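> Can you keep this structure in mind? I'll have questions shortly.
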Amino acid sequence: MIKSELVQKIAEQNPQLYQRDVENIVNAILDEIVSALARGDRVELRGFGAFSVKERNARVGRNPRTGAHVAVDDKVVPFFKTGKEMRERLNRV
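With full-length UniProt numbering, letter number 59 in the sequence shown gets 59, and the count goes up by one each step, no holes.
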């Protein structure tokens with residue numbers, strides 16, 4: 001599912017809201033999650049999961065095409081861990 005499909009689905013379930021308003025709400029939520037992660041905060045959505053950031057140290061990588069060694073800078077990457085309720089719903093038999 002892509003963001004536009006999510007907006008469409010929410011708009012269909014809430015006919016009292018305009019689609020552009022739903023799109024603004026979804027964008028605001030995602031922007032706030034990104035802002036919190038950029039500050040180094042953890043974002044937890046109960047029943048869904050938790051977003052956090054992990055730091056990756058600098059290292060020496062390898063170019064797969066040429067085999068040459070390449071310096072890879074340290075960086076911060078997003079990390080998502082699913083919540084218990086989501087795991088249970090996905091694994092129901």
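Just so you know, even glycine gets a beta-carbon here, dropped at the ideal spot from N, CA and C. Quick caveat: nothing in here was measured; it's all calculated off a predicted structure.
Secondary structure at alanine 28, three-state DSSP: helix, strand or coil?
Alanine 28 falls in the helix class under three-state DSSP.
> How would you label valine 7, buried or exposed, when you count the other beta carbons within 10 angstroms and need 16 or more for buried?
Classification for valine 7: buried.
> Between which two residues does the alpha helix (DSSP H) harbouring arginine 87 extend?
84-90 is the span of the alpha helix (DSSP H), which, as asked, contains arginine 87.
> Mind checking whether arginine 59 and serine 52 have CB atoms under 8 Å apart?
Not in contact: arginine 59 and serine 52 (Cβ atoms no closer than 8 Å).
> In the DSSP assignment, the alpha helix (DSSP H) including threonine 6 goes from what residue to what residue?
Per the sequence shown, the amino acid found at residue 6 is leucine instead of threonine. First-last of the alpha helix (DSSP H) with leucine 6: 3-13.
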